[in-house]
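Enquirer: Residues in the sequence shown are numbered consecutively from 180, following my numbering.
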Amino acid sequence: GKLAQKIKNPRAYLNDFVQNEEGGYTYSGRRYSVDRHYADYGDVYRKFLIGGIIMLAVSVGSGLIDAAGANGAFYVILPFIGEISAIFAILWNVARLISQGEVVKEYAFKKISTWLPGGASMLMYFALTGLIMSAVYIITHGFEEKAFKCVLYLALKTVTAFLAFEYKKYYNTVQWSAY
Numbered sequence: 180g181k182l183a184q185k186i187k188n189p190r191a192y193l194n195d196f197v198q199n200e201e202g203g204y205t206y207s208g209r210r211y212s213v214d215r216h217y218a219d220y221g222d223v224y225r226k227f228l229i230g231g232i233i234m235l236a237v238s239v240g241s242g243l244i245d246a247a248g249a250n251g252a253f254y255v256i257l258p259f260i261g262e263i264s265a266i267f268a269i270l271w272n273v274a275r276l277i278s279q280g281e282v283v284k285e286y287a288f289k290k291i292s293t294w295l296p297g298g299a300s301m302l303m304y305f306a307l308t309g310l311i312m313s314a315v316y317i318i319t320h321g322f323e324e325k326a327f328k329c330v331l332y333l334a335l336k337t338v339t340a341f342l343a344f345e346y347k348k349y350y351n352t353v354q355w356s357a358y
């Protein structure tokens, strides 16, 4: 199937570049852009970037809190590493999108359209996993005299998951035109 084709020729998209009269190469494949009837591409890209930065700030903020279990329990720390990895994937692909400009080449669009909503889903999963694992730690070990920090940590995990959900929902509402 498709996976076998990708394995056989992972750089098949290079066939979309044709040599021009000057000896350089021109992209001749499909292109995508935000549908002008939907919104200006700059507004959409800005929302993707600002949303990613806000999710990064909230997630890193939760990681800076010295809540019970946040520093000593691997099952609380590992989901945080997953969160940061998911946010990195989101921001990397937003940067790829912005670098493409208004018109996005198909090979880039395919990766971006996989990683932006996929990264948001991963972020939501890891934030909720961190929330649950932190709650498990608090139930089994107590607040360790850090009740406020624990509640704040749990609140930030909830906010991160909610923002990731909204980010994915927004991505799925963006209308793209192909030509």
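Think of the CB as a built atom: it goes at the ideal place given N, C-alpha and C, for glycine as much as any other residue. Computed from a predicted structure; not experimentally measured.
Please state whether the Cβ-Cβ distance between L295 and I263 is less than 8 Å.
Expert: Residue numbering aside, residue 295 sits at position 116 when the sequence shown is read from its first letter. Residue numbering aside, residue 263 sits at position 84 when the sequence shown is read from its first letter. Their beta carbons are not under 8 Å apart, which means L295 does not touch I263 by this criterion.
Enquirer: Is S313 buried or exposed, if buried means 16 or more other CB atoms sit within 10 Å of its CB?
Expert: Sequence index remark: in the sequence shown, residue 313 carries index 134 (1-based). By the 10 Å Cβ count, S313 comes out buried.
Enquirer: When DSSP builds the beta bridges, which residues end up paired with Q198?
Expert: As a working mapping, residue 198 is identified with position 19 in the sequence shown. Bridge partners of Q198: Y204.
Enquirer: Is there at least one non-hydrogen atom of the ligand FMN closer than 7 Å to the beta-carbon of E281?
Expert: No copy of the ligand FMN appears in this structure; indeed no ligand is present at all.
Enquirer: Among V338, Y316, G221, which residue has its Cα nearest to the Cα of V237?
Expert: In the sequence shown, counting from the first residue as 1, residue 237 sits at position 58. Here the closest residue by C-alpha is V338.
Enquirer: Provide the residue span of the beta strand (DSSP E) that contains R210, from first to last.
Expert: If you number the sequence shown from 1, residue 210 lands on position 31. Note, R210: beta strand (DSSP E), 210-213.
Enquirer: Where does K284 fall in DSSP's three states?
Expert: For this step, residue 284 is matched to residue 105 along the sequence shown. DSSP places K284 in strand when its eight states are reduced to three.
Enquirer: Where do the N-terminal and C-terminal ends of the beta strand (DSSP E) with A122 fall, by residue?
Expert: For the chain, the structure presents residues 180 to 358; residue 122 sits outside this window and is missing.
Enquirer: If we call anything under 8 Å between Cβ atoms a contact, is Y316 one with V255?
Expert: For the purposes of this step, residue 316 is identified with residue 137 of the sequence shown, where counting begins at 1. For the purposes of this step, residue 255 is identified with residue 76 of the sequence shown, where counting begins at 1. Yes; because the gap between Cβ atoms is below 8 Å, this pair is in contact.
Enquirer: By the 10 Å Cβ neighbour count, where 16 or more other Cβ atoms means buried, how is V213 classified, buried or exposed?
Expert: Translated into the one-based positions of the sequence shown, residue 213 becomes position 34. Label assigned to V213: buried.
Enquirer: As a quick exercise: from I318, K325, K347, pick the residue whose alpha carbon is nearest that of G297.
Expert: Your numbering for residue 297 matches position 118 in the sequence shown. For G297, the nearest C-alpha among the options comes from K347.
Enquirer: Return the chain-ordered ranges of every beta strand (DSSP E) run that is complete within the stretch 252-338 and spans a minimum of 3 residues.
Expert: If we require 3 residues or more, the stretch 252-338 turns out to have no beta strand (DSSP E) run fully inside it.
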